[in-house]
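Participant: Input: one structure, supplied below.
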Amino acid sequence: MAEASEGAIRGWQHPSGTGVRQHLLVIPSVICAAQAALTIVDGDPSAVAIEHQHGCSQLGGDAHLTEQVLTGLGIHPNVAGTLVVSLGCETVQGVALHRSIVGRGQRAEFVGIQQAGGTGAAVRAGREALQRLRSGAASDAQVALDWADLCVGVEGAWLGVPPGQARVFLEVIGELCRAGATVIQAASTAGVDANDWWEQATRQVPGPRVRPGTLSYATRPDGAGVYLMEAPPSRIAQKTGLAAAGAHVILSPLASGLPAGCPVAPVAHVGIAPYARPFAEDVDVMLDENPQEHAAAAVLDAIVAACRTATPLEAIGVFEMAIHRIGPTM
Amino acid sequence: MGEILLYRRPGARGWGARNHVLVLPLVASASGVARALARGTGATWVEHDYEPTADNLPRNRERIALTLVGFATNPNVGAVLLVADTPERSVLLEPIRATGQQADLVVVTEAGGLRGAIEQGRARLWPLLTKTAAASRERTPVAALMLGTECGGSDALSGITANPALGVASDHLIDAGGTAVLAETTELIGAEHLLARRAATPAVAEDIYQIIHRYEAVVLAHGEDIRGANPAPGNIEGGLTTIEEKSLGGAKKGGTRTIQQVVEYAGRPATSGLVIMDSPGNDIEQMVGMVAAGCQVAAFTTGRGTPTGSAIVPVIKIATNSHTATRMQDNIDLNAGLILEGAETLETMGRRIYDAILAVAQGELTKAERLGHREFSISRYPFAVLDTPTTAR
Amino acid sequence: MSGSSSSARPSVLLLDAKDTAAVALTPLPTGTAIEVTRGGDTTRVVAETLIPFGHKIAVAPMAAGDPVVKYGEVIGVATTAIRPGQHVHIHNVRSDRAGAHHG
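Residue numbers (this note's numbering), protein chains in the order written: chain A, 1 to 330; chain B, 1001 to 1393; chain C, 2001 to 2103.
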């Protein structure tokens, strides 16, 4: 793993932690504020807005989940500064979200559309707020990162692919552990004991054995190690949960659906053949039906590359982000 | 004025107030591609988070299919380009084309990945843009209009100024042979006895009770206190005390005419006149449901000021008070607060709203359209928790 | 239906003759006197505390358990005795819609 050792990855020391990007993040606290958030970042390559469909007319569990995920994204270590855009009357209170992000040490600003006096005024105020965040972030120190400084999120789709391909992912996880990285594996364990579930899931897969700890959805781990994070089967929900849990980079096996990036964390796509063959141009590594010996190394290289430079999907701005729904919207 | 200028659409689709070309992702993961290919082309698009998963209920799939097909075939849409991830997802193309709608499709896995899909999508978009550009408006009776009514960010004045004034406008439209939709079932809780009294038949009255009680049961079944979400903190700060008070104020926007029918979410009415649509109170989901049913124009009252609109339907924003109308003037089209100042009566304000509906239907842009609002969210089937094994499919 | 002080612009609005609460169309400081007309009768009510803009002021006495009436309909139930002139809101009114009713 020579590529990733001894400071090969450039990072920045943000108030929220050490990260591999310098994004300014704009978070609408409710769907009704999303358009203003998008307009604020339009034409600004240093800023990205999150879109989601939540925050309004939600019952307790969903409202809480929305706040938890949005806070997790707002304090993400790749994010140099966060702007919360609120409407004013929604259930997930924008002011409370901003306060909780600030409370966790992040550099953050707040704009309320109703308070500012409408979309036009909010967009102007938002752009000024981004400028202040940008100035603050300019003094964030550059640092050299090693695997031990990184948290890699892994989506769960590889657990359903044939053992020959699945073993590559197990090998990658094993290598990351050995190098001291933190790994969060998203999985839909449905309340079953984590280690039993992991044993079951990886029984047929040749490769190193690891014993994961557990995390609930969108929760930061306390320290280094391998963790199983409870998540719904939906890939978008897993990506969002991994990001909210602080993953610097996300490993996404493409066995169904379309490749998509994540607004706060670069995504390394591993295409699972035969499904992913049409996406040969879009994925970073294509895993054949019978992968070669160097496949795991290629995947690790792809993770490093994603940390180092903007991925093609980041460049064309194809992201996916969603907060999964627990109950019905009211 | 008995006639207005609208776009004629083939078959039963009726008449459109706009002539959009829409790029519609059929699943969440296609949203990014839809946006990337539509930007800068003059086409409009929406994005959403709907993802089918293994445990997806048939009733949910049907609801979503009804919504997507209805949205794609709304008469304001001159042509639609669907974006699917895989070939299996493209089953909606045929039902959409069967309505007479001009439709094409991009399947990302068949187009050579994301960038291939963006290129192919643009190539398929150009002919749709060219064809629709040739459409022009024709005279048709006002009865061709279906108005969606909505309220969001309500305050205590919603039920006193803007909603009753909108009700007056709704009555004018219905008297002219048109259709108006009253929705937000959760926000009618507490007003059902009032509405049932105005039902055209006992069966319609029963439907009104049924949909409202069903939503109440859903909330209870989730062990949640409906007051947790409704009235929202902003409503309470504005003076609304109970959900009944908020509901009575909301129901006022339905005016006073007879309720002809209760329709399901995104369901197209079989009749003209005033209809009630079973929908959640969530602003965006409700709007999408009414648009999918065929509304060409929407009127949206707001107390505290909410900026949302729709990618394909003009949404007229009516403030309940002058304070909000001034503060949020970027987003507000009409000010019903003038009633409080003695400058307008309910009747004259209602007439103003009706005139605005006709003007907007004929091309005048609303503030939400100028600002590019395109909020879109699909309501999931909410009643699974109530279905017993014998009733579920 | 109306309510007013001596200025041209109404300061409260009574939506229906059966209503027990009127809506403040402007903040009513403690001690503000308002007149409420129902049919032929005019009642004088004095604000006991500040009634914020858009909030309700009681214009008829209600005992604990009595309906609170607005728009000519029941919008809730008084949780304690309410005197004319008092602020009517979440501190003394509860919703009556916790369970389903029919008819």
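Glycine included, C-beta positions come from ideal geometry on N, C-alpha and C.
Should Val84 of chain A and Gly94 of chain A be called a contact, given that it needs their Cβ atoms to be closer than 8 Å?
Facilitator: Locating residue 84 of chain A in the first sequence gives position 84, where the first residue counts as 1. Locating residue 94 of chain A in the first sequence gives position 94, where the first residue counts as 1. Yes. Within cutoff.
Participant: Report yes if the C-beta distance between Pro249 of chain A and Val183 of chain A is below 8 Å; otherwise report no.
Facilitator: Here residue 249 of chain A is taken as the residue at index 249 of the first sequence, counted from 1. Here residue 183 of chain A is taken as the residue at index 183 of the first sequence, counted from 1. Per the sequence shown, residue 249 of chain A should be read as Val rather than Pro. Going by C-beta atoms, Val249 of chain A is not nearer than 8 Å to Val183 of chain A.
Participant: Determine the direct distance from the alpha carbon of Phe169 of chain A to that of Val346 of chain A, and round the result to whole angstroms.
Facilitator: In the structure as shown, chain A begins at 1 and stops at 330. Residue 346 of chain A is therefore absent and cannot be evaluated.
Participant: Any idea if Glu1347 of chain B is buried or exposed, counting beta-carbon neighbours within 10 angstroms, 16 or more meaning buried?
Facilitator: Here residue 1347 of chain B corresponds to residue number 347 of the second sequence, with the count starting at 1. Answer is exposed; the Cβ neighbour count stays below 16.
Participant: Pull up the distance between the alpha-carbon of Val270 of chain A and that of Thr202 of chain A, whole angstroms please.
Facilitator: Indexing the first sequence from 1 puts residue 270 of chain A at position 270. Indexing the first sequence from 1 puts residue 202 of chain A at position 202. When rounded, the distance between both Cα atoms is 19 Å.
Participant: With a Cβ-Cβ cutoff of 8 Å, do Ala268 of chain A and Ser252 of chain A count as a contact?
Facilitator: Position 268 of the first sequence, counting from 1, holds the residue named residue 268 of chain A. Position 252 of the first sequence, counting from 1, holds the residue named residue 252 of chain A. In this structure, Ser252 of chain A lies closer than 8 Å to Ala268 of chain A by Cβ.
Participant: Could you name the residues of the same chain whose beta carbon sits closer than 8 Å to that of Leu1365 of chain B, not counting the 5 residues immediately before and after it, in chain order?
Facilitator: Along the second sequence, read from residue 1 onward, the residue named residue 1365 of chain B stands at position 365. For Leu1365 of chain B, where only same-chain residues beyond five positions count, the Cβ hits under 8 Å are Pro1314.
Participant: Rounded to the nearest angstrom, what separates Arg1227 of chain B and Gln53 of chain A at their Cα positions?
Facilitator: Numbered from 1 along the second sequence, position 227 holds the residue referred to as residue 1227 of chain B. Numbered from 1 along the first sequence, position 53 holds the residue referred to as residue 53 of chain A. Below a pLDDT of 50, predicted positions are generally treated as unreliable, and Arg1227 of chain B, at 46, falls in that range; no measurement from the model is reported.
Participant: Using C-beta distances below 6 Å, list every residue in its chain close to Leu38 of chain A, excluding the 5 sequence neighbours before and after it, in chain order.
Facilitator: For the purposes of this step, residue 38 of chain A is identified with residue 38 of the first sequence, where counting begins at 1. Cβ within range, chain order: Ala49.
Participant: Is it right to say His338 of chain A is buried, meaning 16 or more other beta carbons lie within 10 angstroms of its own, or is it exposed?
Facilitator: Here chain A has residues from 1 to 330 only, and residue 338 of chain A is not among them.
Participant: Under the rule that 16 or more other beta-carbon atoms within 10 Å means buried, what is Ser135 of chain A, buried or exposed?
Facilitator: Reading the first sequence from its first residue, position 135 is the one you call residue 135 of chain A. By the 10 Å Cβ count, Ser135 of chain A comes out exposed.
Participant: Check whether the Cβ of Ala1162 of chain B lies closer than 8 Å to any Cβ atom in chain C.
Facilitator: Start at 1 with the first residue of the second sequence, and residue 1162 of chain B comes out as number 162. So, not an interface residue.
Participant: When the cut-off is 8 Å and only beta carbons count, does Val2036 of chain C lie next to chain B?
Facilitator: For this step, residue 2036 of chain C is matched to residue 36 along the third sequence. Chain B contact via Cβ: absent.
Participant: In whole angstroms, what separates the C-alpha of Gly1167 of chain B from that of Asp1330 of chain B?
Facilitator: Taking the first residue of the second sequence as 1, we reach residue 1167 of chain B at position 167. Taking the first residue of the second sequence as 1, we reach residue 1330 of chain B at position 330. The straight-line gap from Cα to Cα measures roughly 24 Å.
Participant: Excluding the five sequence neighbours on either side, which residues of its own chain have a C-beta within less than 7 Å of the C-beta of Ala1156 of chain B, listed in chain order?
Facilitator: Indexing the second sequence from 1 puts residue 1156 of chain B at position 156. So the qualifying residues of the chain are Gly1238, Gly1239, Leu1240.
Participant: Would you be able to state if there are at least three C-beta pairs under 8 Å between the stretch 1101 to 1116 of chain B and the stretch 1052 to 1066 of chain B?
Facilitator: Contact between the stretch 1052 to 1066 of chain B and the stretch 1101 to 1116 of chain B is absent, because fewer than three Cβ pairs lie under 8 Å.
Participant: Just mark Pro163 of chain A as buried or exposed, buried being the case when its beta carbon has 16 or more other beta carbons within 10 Å.
Facilitator: Sequence index remark: in the first sequence, residue 163 of chain A carries index 163 (1-based). Classification of Pro163 of chain A: exposed, given that the 10 Å Cβ count is below 16.
Participant: Please go through the stretch 130 to 193 of chain A and give each complete alpha helix (DSSP H) segment of 4 or more residues, from N-terminal end onward.
Facilitator: Counting whole runs of 4 or more residues, the stretch 130 to 193 of chain A contains the alpha helix (DSSP H) stretches 163 to 178.
Participant: Taking the alpha helix (DSSP H) that Ile9 of chain A belongs to, which residues open and close that run?
Facilitator: Counting from 1 along the first sequence, the entry for residue 9 of chain A is found at position 9. Element bounds for Ile9 of chain A: not the alpha helix (DSSP H) but the beta strand (DSSP E), 9 to 14.
Participant: Spatial neighbours of Ile970 of chain B within its chain, please: CB distance less than 7 Å, with the 5 preceding and 5 following residues excluded, ordered by chain position.
Facilitator: Summary: the structure shown does not reach residue 970 of chain B, with chain B confined to residues 1001 through 1393, and so no result is reported for it.
Participant: Report yes or no: do three or more beta-carbon pairs, one from the stretch 1207 to 1226 of chain B and one from the stretch 2055 to 2062 of chain C, lie closer than 8 Å?
Facilitator: These segments do not touch.
Participant: Thr1186 of chain B: which of B:Asn1282, B:His1323, B:Ile1160 sits nearest, CA to CA?
Facilitator: Here the question's residue 1186 of chain B lines up with position 186 in the second sequence. Out of B:Asn1282, B:His1323, B:Ile1160, B:Asn1282 has the C-alpha closest to the C-alpha of Thr1186 of chain B.
Participant: So which residues of chain C does Ile1236 of chain B contact, with C-beta pairs closer than 7 Å?
Facilitator: For the purposes of this step, residue 1236 of chain B is taken as residue 236 along the second sequence, with counting starting at 1. Those within 7 Å of Ile1236 of chain B in chain C are Ile2090.
Participant: Mapping the DSSP letters down to three states, classify Met321 of chain A as helix, strand or coil.
Facilitator: For this step, residue 321 of chain A is matched to residue 321 along the first sequence. Coil.
Participant: Looking at C-alpha atoms only, which residue of B:Gly1070, B:Glu1051, B:Gly1309 is the closest neighbour of Gly981 of chain B?
Facilitator: Coverage of chain B is limited to positions 1001 through 1393, which leaves residue 981 of chain B absent and any answer about it impossible.
Participant: What does a CB cutoff of less than 8 Å around Arg1061 of chain B pick up in its chain, not counting 5 residues either side in sequence?
Facilitator: Locating residue 1061 of chain B in the second sequence gives position 61, counting from the first residue. Taken in chain order, the residues that qualify are Pro1052.
Participant: Using three-state DSSP, classify Gly2054 of chain C as helix, strand or coil.
Facilitator: Counting from 1 along the third sequence, the entry for residue 2054 of chain C is found at position 54. Three-state result, Gly2054 of chain C: coil.
Participant: Buried or exposed, going by whether 16 or more other CB atoms sit within 10 Å of the CB of Thr1130 of chain B?
Facilitator: Translated into positions along the second sequence, residue 1130 of chain B becomes position 130. Exposed, by the Cβ-count rule.
Participant: Thinking C-beta only, is Ser100 of chain A closer than 8 Å to Ala33 of chain A?
Facilitator: Taking the first sequence and counting its residues from 1, the one referred to as residue 33 of chain A is at position 33. Taking the first sequence and counting its residues from 1, the one referred to as residue 100 of chain A is at position 100. Contact: no.
Participant: May I have the straight-line CA-CA distance separating Thr1099 of chain B from Pro1010 of chain B, to the nearest angstrom?
Facilitator: For the purposes of this step, residue 1099 of chain B is taken as residue 99 along the second sequence, with counting starting at 1. For the purposes of this step, residue 1010 of chain B is taken as residue 10 along the second sequence, with counting starting at 1. When rounded, the distance between both Cα atoms is 8 Å.
Participant: Contact criterion: CB-CB distance below 8 Å. Does Leu1371 of chain B meet it with respect to chain A?
Facilitator: Your numbering for residue 1371 of chain B matches position 371 in the second sequence. Yes, its Cβ sits closer than 8 Å to a Cβ of chain A.
Participant: With DSSP as the reference, label Gln1101 of chain B as helix, strand or coil.
Facilitator: On the second sequence, position 101 is the one that residue 1101 of chain B refers to. If DSSP states are grouped into helix, strand and coil, Gln1101 of chain B belongs with coil.
Participant: Taking only three categories from DSSP, how would you classify Tyr2071 of chain C?
Facilitator: For this step, residue 2071 of chain C is matched to residue 71 along the third sequence. Three-state DSSP puts Tyr2071 of chain C in coil, outside helix and strand.
Participant: Taking the C-alpha atoms as reference points, what is the distance between Ile1318 of chain B and Gln1120 of chain B?
Facilitator: For the purposes of this step, residue 1318 of chain B is identified with residue 318 of the second sequence, where counting begins at 1. For the purposes of this step, residue 1120 of chain B is identified with residue 120 of the second sequence, where counting begins at 1. Rounded to whole angstroms, Ile1318 of chain B to Gln1120 of chain B spans 41 Å at the Cα level.
Participant: List the residues of chain B that Lys2056 of chain C touches, going by C-beta distances under 9 Å, in chain order.
Facilitator: Here residue 2056 of chain C corresponds to residue number 56 of the third sequence, with the count starting at 1. Neighbours of Lys2056 of chain C on chain B, chain order: Ala1156, Gly1239, Thr1241, Glu1245.
Participant: Quick check on Thr1390 of chain B: buried or exposed, where buried means 16 or more other Cβ atoms within 10 Å of its Cβ?
Facilitator: Numbered from 1 along the second sequence, position 390 holds the residue referred to as residue 1390 of chain B. Its pLDDT being 49, under 50, Thr1390 of chain B is placed unreliably in this model, and the coordinates cannot settle the point.
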